[in-house]
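J.: Each number in the working numbering corresponds to the 1-based position in the sequence shown with 29 added.
Cβ coordinates follow ideal geometry from the N, Cα and C atoms, glycine included.
Predicted model only: the values in this text are computed from it and were never measured.
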Amino acid sequence: MRQPAQQINRSSPGKTIDRGTEYYAGMKKGQAMKQARAFTLIELMVTLAIAAILMALAAPSFVSFIKNNRLTTTTNDLIGDLGLARSEAAKRGQRVTLCISTSGNSCTGGTDWLAGRLVFADPAGTGVVPNAASIIRVTDARSDGSVLSASGFANGSFITYTTTGTVSTGNTNVGTFKICDNRVGPFGKLVTITNTGRPNLQTAQSCP
30 MRQPAQQINR
40 SSPGKTIDRG
50 TEYYAGMKKG
60 QAMKQARAFT
70 LIELMVTLAI
80 AAILMALAAP
90 SFVSFIKNNR
100 LTTTTNDLIG
110 DLGLARSEAA
120 KRGQRVTLCI
130 STSGNSCTGG
140 TDWLAGRLVF
150 ADPAGTGVVP
160 NAASIIRVTD
170 ARSDGSVLSA
180 SGFANGSFIT
190 YTTTGTVSTG
200 NTNVGTFKIC
210 DNRVGPFGKL
220 VTITNTGRPN
230 LQTAQSCP
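Structure, rendered in structure tokens:
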């Protein structure tokens, strides 16, 4: 005679399953997870708010940092061009001129030393490019908000160096280059050149 199938008790021996308790525990767990997610969102919002405040406080300092770096780059480029013209004059045994050039192949005059510059061999010392082969360096124009102006030189648009590295006759007066931006205050830089030809840098100059 066929025996009836035995009923399998899937619960652990001696353990009674209380369905009401399980349901209540599940609800508590779900609520705890929701609370954890809520706290995480609040913490994220607080973190973002603090980050925004810190960025707002740091923004002016960052802008000043960028502008100071631009002035430094502009100044270093100018001193580099002056130094190259001076050293090339001594090395070549002939006059070398640094001038304003908006074209990149001739001296164009003017007063904006950030419009572009040329360093070229200038045997006659006239500030006129003899030919393309005489060009030593072309410095591109800059338009980053800096202002570079010259004063005191006999000719405000070019400077000629002699074979001894001194400034040529006609430019023997003390001359200066002033580098500023749109800020008002002691942010400028001053490059002074005498007839010895050597550039001297001074910082913390008043602008504009």
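Out of I165, D210 and D141, state which residue places its alpha-carbon closest to the alpha-carbon of D151.
T.: Counting from 1 along the sequence shown, the entry for residue 151 is found at position 122. Checked all of I165, D210 and D141; the closest Cα to D151 is I165.
J.: Please classify R121 as buried or exposed, where buried requires at least 16 neighbouring CB atoms within 10 angstroms.
T.: To locate residue 121, count along the sequence shown from 1; it is residue 92. Label assigned to R121: exposed.
J.: With C-beta atoms as the reference, is L107 less than 7 Å away from V148?
T.: Here residue 107 corresponds to residue number 78 of the sequence shown, with the count starting at 1. Here residue 148 corresponds to residue number 119 of the sequence shown, with the count starting at 1. Going by C-beta atoms, L107 is not nearer than 7 Å to V148.
J.: Can you check DSSP and say which residues form a bridge with I79?
T.: Here the question's residue 79 lines up with position 50 in the sequence shown. DSSP lists no partner for I79.
J.: Per DSSP, what kind of secondary structure is S163 in: helix, strand or coil?
T.: By 1-based counting over the sequence shown, the position of residue 163 is 134. Here S163 sits in helix by DSSP.
J.: From I222 to V75, what does the alpha carbon distance come to, in whole angstroms?
T.: Indexing the sequence shown from 1 puts residue 222 at position 193. Indexing the sequence shown from 1 puts residue 75 at position 46. I222 and V75: Cα-Cα distance of roughly 56 Å.
J.: Let me see if you follow: with CB-CB separation under 7 Å, is A162 close to chain C or not?
T.: No chain C appears in the structure shown, which is made up of a single protein chain.
J.: Extract the residue ranges of the beta strand (DSSP E) inside the region 160 to 226, only unbroken runs of 3 or more that lie entirely within it.
T.: The region 160 to 226 contains these whole beta strand (DSSP E) runs: 164 to 168, 176 to 180, 187 to 190, 204 to 209 and 214 to 222.
J.: Do you know how far the Cα of E72 is from the Cα of I82?
T.: The residue labelled residue 82 in the question sits at position 53 within the sequence shown. The residue labelled residue 72 in the question sits at position 43 within the sequence shown. Their Cα atoms are separated by approximately 15 Å.
J.: Quick check: the Cα distance between T103 and A80, rounded to an integer number of angstroms?
T.: Along the sequence shown, one-based indexing puts residue 103 at 74. Along the sequence shown, one-based indexing puts residue 80 at 51. So the two alpha carbons sit approximately 33 Å from each other.
J.: Express the C-alpha separation of L77 and G145 in angstroms, rounding to a whole number.
T.: Numbered from its first residue, the sequence shown carries residue 145 at position 116. Numbered from its first residue, the sequence shown carries residue 77 at position 48. The straight-line gap from Cα to Cα measures roughly 45 Å.
J.: Kindly identify the DSSP beta-bridge partner or partners of L147.
T.: Reading the sequence shown from its first residue, position 118 is the one you call residue 147. Paired residues: C128 and V167.
J.: To the nearest angstrom, how far is the alpha carbon of T131 from that of A233?
T.: The residue given as residue 131 occupies position 102 in the sequence shown. The residue given as residue 233 occupies position 204 in the sequence shown. Straight-line Cα distance between these residues: approximately 29 Å.
J.: Going by DSSP, what residues sit across from C236 in a beta bridge?
T.: Translated into the one-based positions of the sequence shown, residue 236 becomes position 207. Its beta-bridge partners are G214.
J.: With a threshold of 16 other CB atoms inside 10 Å of the CB of P237, please say whether the residue is buried or exposed.
T.: As a first step, residue 237 is located in the sequence shown; it is residue number 208 there, counting from the start. Answer is exposed; the Cβ neighbour count stays below 16.
J.: Given this structure, state the Cα-to-Cα distance separating V92 from R212, to the nearest angstrom.
T.: Stepping through the sequence shown from its first residue, residue 92 is reached at position 63. Stepping through the sequence shown from its first residue, residue 212 is reached at position 183. Roughly 11 Å separates the two Cα atoms.
J.: Since W142 and L177 are thought to touch, with beta carbons under 8 Å apart, how far apart are those beta carbons, to the nearest angstrom?
T.: Your numbering for residue 142 matches position 113 in the sequence shown. Your numbering for residue 177 matches position 148 in the sequence shown. Their Cβ separation, rounded to whole angstroms, is 4 Å, which keeps W142 and L177 in contact under 8 Å.
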